[in-house]
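Data block below; observations after.
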Amino acid sequence: MPGGFGYRVEADLANSGVELTDVYITYKASPKLTFTIGQHKPFQSMEDMTSDLFTSFMERAAFNSGFGFERRVGVSGAYTGKQVLVQAGVFTDNAADLNLDTNNSYSLDGRVVFMPKLGKGQLHLGGSAHYRDFNDASATARYSVRPFVHTTNLRLIDTRAFSASGERTFGAEFAYINGRFHATAESQWMTAIRPGLANATFNGGFAEVGYLLTDDTTAYKNGAYDRIKPKRPVGKGGIGAVQVNLRYDWLDLNSGSIIGGRQQVAGISALWMPIDYVRFILNYGHIWIDDAAVPAGTNRNYTANALGMREQIDF
């Protein structure tokens, strides 16, 4: 748009409903400095900042949904240099929750990424910090996650609701991208603040390696993974791009007297991208559950398997 302004409006159509995701206006004050107002992501993690159109598995790592990462209404600024990215903002609640009297929270969120070239590849070192005040006298917190795929409502680990006044979150990010190869590792520590009681701290993270079997390049842009564009797409003499990925994912929701359970996943995925805007994902995960919120009979320590597939087109 003229004058340095821009906008984005995006909706998720699922389960016979419509949910607004990104809804914001941007202002580019300079080539390196951009301000955003509206509903957008509060810079929680590298994988959360990567569009779900470009993730290497069907779902993001368990801590992203387990810790309730979501878009919220707020004002933020981003400085994007050649080797440094700085993002910071002030946020309230998700747009869909703003009309509820119990949702009065506010948060301060920031993320810094160092992204220099290393040899022939791209290095990514990042960290984020977040503070959220629920701003409600009767507030509670709850953390839970689905088992590797979101095609079920079952949550095998779950803290249930417990009293809390706010949250503190710290995250660490690492990635290295070199042509066909990429390696990524992230971890997040979520502390539920409980005045008069011991705070509860939970941890999650993942480590992943991936490789493109075709002569294509893993894409990275401004602190996140980007769209892989096949050099030889279907219809132009090629088969598109093919990628395989291995991942170890964990989420620990046990802290003191709160026993929400632990989940570990060993996962493998295969991606086929026949053209830039079409993608097929097949992934499998073997899951270890300890202190499960949902027992298998009387057993709270057991294993499970999850298999999922997604086909997508974006425009």
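Quick note on my numbering: the sequence shown kicks off at 829 and runs consecutively. Every residue, glycine too, gets a C-beta built ideally from N, C-alpha and C.
Suppose you measure from the CA of residue i to the CA of residue j; what does that come to, to the nearest Å?
i	j	result
Tyr814	Asn1073	Limits of the chain in this structure are 829 at one end and 1143 at the other, which puts residue 814 out of reach.
Thr1126	Asp1119	11 Å
Ile1103	Phe962	44 Å
Glu1014	Gly1065	38 Å
Gly994	Thr987	16 Å
Pro830	Gly902	23 Å
Met877	Gly1032	17 Å
Ile1115	Gln1092	6 Å
Lys948	Thr930	51 Å
Does the beta-carbon distance from residue i to residue j come in below 9 Å?
i	j	result
Ala1098	Phe976	no
Arg1008	Thr1046	yes
Ser956	Phe871	yes
Tyr1130	Ala1121	no
Leu951	Thr908	no
Arg1128	Phe1108	no
Ala1132	Leu984	yes
Phe990	Ile1086	yes
Gly1088	Ile1117	no
Asn922	Arg900	yes
Val973	Ser893	yes
Val914	Gly938	yes
Along the alpha helix (DSSP H) that carries residue i, what are the first and last residues, could you check?
i	result
Phe891	Ala890 to Gly894
Glu875	Met874 to Met877
Taking the beta strand (DSSP E) that residue i falls in, what are its first and last residues?
i	result
Gly1024	From DSSP, Gly1024 is part of no beta strand (DSSP E); its letter is neither H nor E.
Glu887	First-last for Glu887: undefined, no H or E at that position.
Ala1094	Ile1086 to Ile1103
Val940	Tyr934 to Phe942
Phe833	Phe833 to Ala842
Met1137	Tyr1130 to Ile1141
Thr920	No beta strand (DSSP E) holds Thr920; DSSP gives it neither H nor E.
Arg996	Gly994 to Asn1006
Asp961	Gly949 to Asp961
Report the residue from the options whose alpha carbon sits nearest the alpha carbon of residue i.
i	options	result
Val851	Asp840, Ala989 and Gly1033	Asp840
Ala1000	Phe895, Ser873, Gly938 and Arg974	Ser873
Thr920	Lys945, Asn932 and Val914	Asn932
Phe891	Val940, Glu875, Tyr934 and Ser904	Glu875
Gly954	Thr968, Ser935 and Tyr1004	Tyr1004
Ala1026	Thr864, Leu1110, Ser1083 and Thr1012	Ser1083
Leu848	Ala889, Met886, Glu898 and Glu887	Glu898
Tyr1112	Phe1002, Met886, Ile1096 and Gly1068	Ile1096
Gly1068	Tyr1048, Lys1049, Val1106 and Leu1081	Val1106
Thr1042	Ile865, Tyr1048, Pro1061 and Ala1028	Pro1061
Asp964	Phe942, His958, Tyr971 and Tyr934	Tyr934
Could you check whether the Cβ of residue i sits closer than 9 Å to any Cβ belonging to chain E?
i	result
Gly1125	You won't find chain E in this structure, because it holds only one protein chain.
Is there contact between the region 1024-1038 and the region 1072-1089, where contact requires at least three CB pairs shorter than 8 Å? Contact check between the region 1024-1038 and the region 1072-1089: three or more CB pairs, one atom from each, fall below 8 Å, which counts as touching.
Between the region 843-859 and the region 878-890, do at least 3 Cβ pairs fall closer than 8 Å? No, the region 843-859 does not touch the region 878-890.
Indicate whether the contact test is met: 3 or more Cβ pairs, each with one atom in the region 1052-1064 and one in the region 1017-1026, closer than 8 Å. no
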